[in-house]
Structures are given as structure tokens and as C-alpha cells.
Amino acid sequence: MNVATLPLLPHQRPNGEVKLPYANFHELLKAKTGDAPSREFLIFPESDRRYSYQQFYEISLGASEWLRSRTPDFGTICIIFRNTPEFLAIYFGAVARGISVVPINPDLAAAEIRFIIENSDCGAIFYDPDMEGKLASLKKEMTVAFHPFADVANLPPVDSEEAEANLPKVEPTTPAVIIYTSGTTGNPKGVVLSHMNFIIDGIAIADWFEFTPATRSLCILPLFHNNGIVISTTTTLCAGGSIVIVDPKASLRSFWALVDRYQATFTSVMPSILAALLTLSFEGKPGQLKGIICGGQLLPLSLAHNFEARFGVPIFEGFGSTEASSYSSFNRFPAERRKLGSVGIVMPICEMKVVDDNDDDVPDGTEGELCIRGPNVAIGYHKLPQLNAQKFRNGWYHSGDYGLRDKEGNYYFRSRKDDLIIKGGEKIYPAEIENVLSKHPNVTESAVIGVDDPILGQEICAFANLKDPDATTESELLKFCAQSLARFKQPKRIVVINRLGDMPELPKGPTKKILHRRLRDYYESRLANKEAVEGSKWVRGSHGG
Amino acid sequence: MTLQELYAEVSPIATQILQIPQFDSSVNMSSTPEWDSLNHVQLLSAIEKKFGIEISVDEAFKLTSADRLVRYLHGILRGKP
């Protein structure tokens with residue numbers, strides 16, 4: 000079908016004719032299964048489980064039937080799994096029923112998980128039994144149903160024809176996934192993405208990199224993020240290829256062994272993973288690897304050069320966001336066509352432009368806010384009408400990222416418009432941490448900034464003003480944060496302002512708004528070198544593991 | 000070395016690197032945020048040094064729980080002269 004015939008929002012208007020061959024995820028999976036039922040689709044090396052297209056199609060239908068008695072069609076569910084077959088079984092089974100899936104990062108603190116469950120209005124939670132300990136208090140306190148799901152092998156066998164007949168009609172614009180990302184106010188916001196969003200994006204990326212049924216993707220990013228579920232999974236599925244899926248936490252040391260053993264042709268990473276791989280002494284065997292897709296944070300040119308010089312695999316940097324399903328621009332494929340240092344040219348399914356503060360287009364070479372429009376752009380934020388009006392205005396998604404376009408149409412990412420911290424690809428707004436610190440009885444005010452980190456891109460540094468500077472140590476404040484924040488959001492350092500001597504209070508503007516940029520300048524000039532001299536380790540971290 | 004003895008040897012290393020209070024058979028990567036990708040690399044390197052072994056990169060990504068790790072070590076050390 001032609002996407003233009005669908006009831007699209009103004010910011011989803013396609014650039015010319017864009018075809019959507021499958022109305023929803025289940026149609027896509029069914030079609031690819033029909034093309035080659037016995038072809039290998041999913042490989043999970045950690046548990047030695049492998050599934051052909053036919054086998055996974057039947058698992059998906061089995062999950063769909065199993066869900067039928069546990070949650071209503073077209074409702075919303077939360078799922079809490081790592082990179083396992085159980086994640087994908089529930090995911091595909093649910094979206095086949097028109098259910099919107101909210102994937103939750105298992106590493107979030109219980110309070111953060113609670114917020115997402117409540118905010119998403121989900122009807123049920125499906126989770127890995129390994130999460131039992133963390134979820135125990137929520138299960139006691141909340142009325143929503145919690146269903147452990149241990150093994151796809153426990154799904155009852157189904158008659159495929161009967162299960163197919165039981166499926167409701169799911170339209171392309173039906174919400175498929177709600178992905179929660181950090182929010183400026185301190186609470187995460189749910190980005191609502193439709194079947195059309197992901198399938199259009201998946202097909203476009205598969206075409207861009209000339210994916211074929213022989214393509215084998217190595218997925219080392221979490222499936223609960225859009226990168227894992229779109230780039231590695233949906234894109235490869237669109238081409239009828241196969242996917243090797245491993246736990247992001249365990250994959251770093253074995254990265255090249257996995258590439259070699261499973262003859263991976265593509266993988267997708269954050270720059271922090273490239274930086275971490277460069278620190279390891281293992282030599283890489285690129286094997287069949289044709290390229291590494293990279294984005295999510297600024298990729299320093301020196302890092303790209305060093306990585307390619309050592310391992311001989313080209314990196315394809317792109318620009319994207321959860322709100323645009325994944326990527327909207329990419330460097331050209333194959334490698335000789337790339338413009339290194341840029342995030343490439345806009346993909347054919349969408350449009351990008353650069354605007355000034357008045358929303359007027361700026362000439363090539365001038366910095367401004369990067370905006371995206373097309374059928375890959377999300378429906379909007381869940382239950383946030385004011386934010387939707389602000390971010391999806393005038394028929395464009397306003398990304399909050401600053402950059403420019405050159406005369407050849409290549410885009411360049413420069414910085415964030417706001418104070419968003421991107422640590423190992425994880426996006427964290429300072430307000431999330433400031434809200435937690437403000438609850439400490441001895442903290443009068445606080446501010447959080449991102450500071451440079453050689454591996455993760457950025458680390459988190461908090462500044463706190465104390466009522467009684469002698470009553471609380473920095474270590475106690477760090478522990479206080481750990482009670483309410485996932486580990487990747489916890490500050491690496493908390494600076495008590497009262498003890499600094501040269502900064503009596505947090506720097507503020509005329510409206511008494513805290514000036515985060517001034518704090519960053521202060522950190523750079525007064526504290527960053529001290530960190531280096533003291534040899535503080537700013538290496539532990541995120542990138543989904 | 001028995002599994003229990005191995006736990007006794009591995010536990011001080013793991014608790015120090017992962018910064019967790021205890022390392023027993025209930026500990027796994029899924030439920031231990033401190034057991035992240037970089038700490039996994041450090042943990043395996045420290046164990047290799049302690050026992051004078053080399054953990055295969057083909058196996059390293061499967062060692063995602065205390066139980067798996069200690070059982071793997073048990074197997075390796077049994078075969079070591």
C-alpha cells in the first residue's frame with residue numbers, strides 16, 4: 000500500500016511515494032516465513048537456542064494465543080526481559096494482537112519501573128523470573144497483573160490456522176511499541192511508535208545497506224531500546240536475514256569471537272562500545288563483517304579513525320532518535336561513499352531540515368536545530384499533549400539536536416539544545432537526578448551536568464548545596480541516589496558546593512534558573528584536571544550493559 | 000577443588016570488582032546492575048590471573064551467572080595438570 004493513503008499526522012507526511020508492503024509486524028513475519036520457512040532466523044548463543052523462520056512464527060502464534068487469556072487485544076503491556084527468545088516471543092505475540100508493548104530496562108530501579116507501569120496504563124506485566132527479587136515489592140503494592148514467563152518451550156502447541164483466525168485486524172498506524180526515554184522534567188516520557196514506523200524504517204535501512212537473506216546481524220545492544228529492536232531485529236527481518244542475539248553485558252570481551260564464529264555481516268553499536276573495544280588487548284577478526292552501524296551519541300572522528308585502522312571494518316555513522324524509530328540519516332554505503340565526520344544524508348523515506356529559533360530554515364553551513372518529517376516519525380509522546388505540541392510542531396519533529404547541513408546534503412551533529420546527558424548511548428536528563436537529590440533532607444539545591452568521558456562519551460557529575468556541609472558526605476549522597484536511580488543514571492561524582500571555596504552557590508541567570516553551562520565551564524576549568532591527576536576511573540558504564 | 004572451595008576463592012575477587020556484598024549461586028547478570036559489560040571483562044581477567052588459566056572468548060559470553068562461572072572454572076581446573 001502507499002503510505003500516503005493512511006491517516007497520518009502532519010509530521011509523518013512522506014517525501015514522495017513510500018510503499019508499505021506489510022500492514023503490521025505479524026504480516027511481515029508471516030511473509031518472510033512463507034519465503035523461506037526453514038531458513039535460520041534467530042540464534043541465541045548464550046543458551047544455544049536457534050530458531051528457523053517457521054519455528055519462530057509458530058512460537059509467535061503460540062505466545063499470541065497464550066496472551067489472549069491474559070490481556071485484552073489492543074491494550075498495553077509492559078515486558079521486562081534481557082536479550083532472550085522470551086522477549087521476542089512476547090513482543091511478536093503481543094503486537095500480532097494489536098497490543099502495544101512497553102519494553103522496560105531490567106536495570107532500572109524499582110521506583111523507575113513503577114513509574115513506567117503506572118504511566119503507560121498497562122494491563123499486565125510479563126517478566127523474566129530472574130527479576131522476581133526486584134519486582135517483589137511492586138507485586139505486593141500494585142493491582143496490575145504480573146506474569147512470569149520463563150521459557151518459550153513452555154508455550155502450549157497451537158494450530159497455526161486456528162491461531163491466525165483468532166488474530167484481530169491490526170492497522171499500520173496502530174501503536175506497536177511505547178519506548179520510555181529520559182524526560183526534561185525528571186520523569187521518563189513514552190514515545191509511541193506504530194507498526195508503520197518500525198516497518199518503514201526497517202525496510203529503508205535494509206535497502207540502504209543492501210541487506211539480503213544472507214545478511215547476518217549481530218545484536219549486542221539491548222532489545223528494550225529502539226536500536227536493538229529496529230536496527231538489528233526489524234531491519235534484518237525485513238531482508239529475510241538472520242540475527243545472532245547476545246546479552247549486551249556479556250558480549251564485549253567476546254565481540255570478535257562472535258563476529259567470527261557466526262560470520263556476522265553487520266552489527267550496530269554506540270560509540271562507547273567502539274571506544275571500549277579499542278581499550279581491550281584482543282585482536283579482531285572482522286571475517287565477513289561489512290560494516291558497523293553507529294549512532295546514539297557523538298562519534299569522535301579520532302575514535303572512528305583509530306578503530307578502522309586497527310580492525311579494518313568501516314563504521315557507518317547516522318543520525319536518529321527514538322522519536323524517529325531509529326535513524327533518519329546515514330553515511331552512504333559502501334564505505335568509499337562515506338563523508339566521515341558527518342552523520343550522512345537523509346534517508347529516502349523522510350525529510351530533514353535545519354531551523355533557527357524562529358523555526359525558519361537556515362542556509363547550508365549554518366547551525367540550527369535538526370528537524371525530521373516522515374512516516375518513520377513517532378505518533379507522539381504518551382499522555383503529554385503540551386510536549387507533543389512543542390516537539391511536533393509545524394509538521395516537523397524538532398529533535399533538540401543542533402547541527403548543520405553542507406552543500407552536498409550531508410548533516411553534521413554538533414550538540415544538544417538542552418542539557419541532556421548521553422552516557423554510553425543512554426539519554427539522561429539532569430532533572431531525573433536533581434529530583435532525587437532534592438529529596439535528601441540536607442540538600443537545599445542541586446544541579447547535574449554531563450562531563451567528558453573517554454569511553455562513555457559523557458559521565459554524570461552532580462553539584463549539591465547542603466544545609467549543614469559537615470552533616471553529609473559525598474559518599475552518603477551517592478548511596479542516597481543509588482536507592483532510587485538505575486545504576487547508569489547514578490552520578491559518578493557529587494561535588495558539595497559549600498566545600499569548594501570559590502563557588503558560594505549554584506550559578507543562576509536573571510530568572511534564577513540554574514546555568515548548567517556555567518557549571519560545565521567550572522568543572523572543565525577547576526575540576527576536570529584534578530580528576531585526571533587523581534586518576535579517578537570514569538570508565539564504568541552503560542551502552543545498555 | 001570442589002565447587003564450594005571455588006566459590007570461596009572467586010567470591011573475594013567478584014565482590015571487589017562488582018562492588019556487591021556477596022557472590023553466591025543466587026547472583027546473576029540479569030539481577031545485578033553492577034555486573035556490567037566492563038566489569039565482566041575485568042572480572043574474567045582477574046579470574047584468569049588468579050587461576051593461571053585462559054577463559055575462551057567463545058565461552059566468556061555464556062558466563063552470565065555465578066553458577067555458570069564457577070561450574071565453568073570447575074571444569075577447566077579439573078582438566079588442568
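Those protein sequence lines, which keep their order, are chains Y and F.
The first sequence stops at residue 544 when you use numbering that gives the first Met the number 0, and every number in between is there.
The second sequence stops at residue 80 when you use numbering that gives the first Met the number 0, and every number in between is there.
Here a beta-carbon is modelled for each residue, glycine too, at the ideal position from N, C-alpha and C.
Residues of chain F with a Cβ closer than 9 Å to the Cβ of residue 279/Y are, in chain order, 40. Between residue 342/Y and residue 265/Y, the C-beta spacing is not below 9 Å.
By the neighbour-count definition (other C-beta atoms within 10 Å, threshold 16), residue 20/Y is an exposed residue.
The C-beta of residue 153/Y has fewer than 16 other C-beta atoms within 10 Å across all chains shown, which makes the residue exposed. Under the Cβ criterion of 9 Å, residue 9/F is not counted among the residues facing chain Y. Put simply, the CB of residue 257/Y is near chain F, with a gap under 9 Å to one of its CB atoms.
Taking residue 97/Y as the centre and dropping the five residues before and after it, the same chain places the C-beta of 72, 73, 167, 169, 173 closer than 6 Å to its C-beta, in chain order. Under the three-state reduction of DSSP output, residue 507/Y falls in the strand class. Counting along the chain, the unbroken beta strand (DSSP E) around residue 147/Y starts and ends at 144 to 147. Residue 59/Y is positioned such that its CB atom lies closer than 9 Å to that of residue 91/Y. Residues of chain Y whose Cβ lies closer than 8 Å to the Cβ of residue 57/F are, in chain order, 253, 256, 260. Ranked by how close their Cα comes to the Cα of residue 354/Y, the residues 348/Y, 328/Y, 398/Y, 227/Y have 398/Y in first place. The secondary-structure analysis by DSSP pairs residue 101/Y across a beta bridge with 77/Y. The beta carbons of residue 447/Y and residue 490/Y sit about 7 Å from each other, so the pair counts as a contact at 8 Å. Residue environment analysis places residue 196/Y among the buried positions, since at least 16 neighbouring C-beta atoms fall within 10 angstroms of its C-beta. Of all residues in the segment 118 to 145 of chain Y, only 127, 129, 130, 131, 132, 133 come within less than 9 Å of chain F when Cβ atoms are compared, listed by chain position.
Assigned with DSSP and collapsed to three states, residue 204/Y falls in helix. The beta carbon of residue 49/F sits no closer than 9 Å to any beta carbon of chain Y. In this model, residue 303/Y and residue 65/Y are separated by some 46 Å (Cα to Cα).
Against residue 250/Y, the close residues of chain F are 36, 60, in the order they occur along the chain (beta-carbon pairs closer than 8 Å). Listed along the chain, the chain Y residues whose CB falls inside 8 Å of the CB of residue 20/F amount to none; the nearest CB is some 13 Å away.
Neighbours of residue 486/Y in chain F, taken as residues at a C-beta separation under 9 Å, are given in chain order as 32, 33, 35.
C-alpha of residue 1/F to C-alpha of residue 38/Y: approximately 43 Å in a straight line. DSSP lists no beta-bridge partner residue for residue 52/Y. Relative to residue 520/Y, the option among 475/Y, 485/Y, 460/Y whose CA is nearest is 460/Y. In the structure shown, the three-state DSSP call for residue 342/Y is coil.
Residues of the segment 418 to 445 of chain Y with a C-beta atom less than 8 Å from some C-beta of chain F do not occur. Counted as a single uninterrupted DSSP element, the beta strand (DSSP E) harbouring residue 175/Y occupies residues 174 to 180. Residues of the same chain with a CB within less than 6 Å of the CB of residue 237/Y, apart from the 5 flanking positions on each side, are 201, 202, 205 in chain order.
Among the residues facing chain Y, residue 43/F is included, as its CB has a counterpart in that chain under 9 Å away. Leaving aside the five residues that flank residue 209/Y on each side, the residues in its chain whose CB is nearer than 7 Å to its CB run, in chain order, 332. With a cut-off of 8 Å on Cβ pairs, the segment 318 to 338 of chain Y is in contact with the segment 217 to 228 of chain Y, counting three or more such pairs.
Note on the segment 285 to 372 of chain Y: whole alpha helix (DSSP H) runs with a minimum of 4 residues are 300 to 310, in chain order. Distances from the alpha-carbon of residue 126/Y to those of 176/Y, 149/Y, 108/Y put 149/Y closest. For the pair of segments examined, the segment 60 to 74 of chain F was found to touch the segment 5 to 15 of chain F: the number of CB pairs separated by less than 8 Å reaches three. Annotation: residue 409/Y is outside any alpha helix (DSSP H) and is labelled neither H nor E by DSSP.
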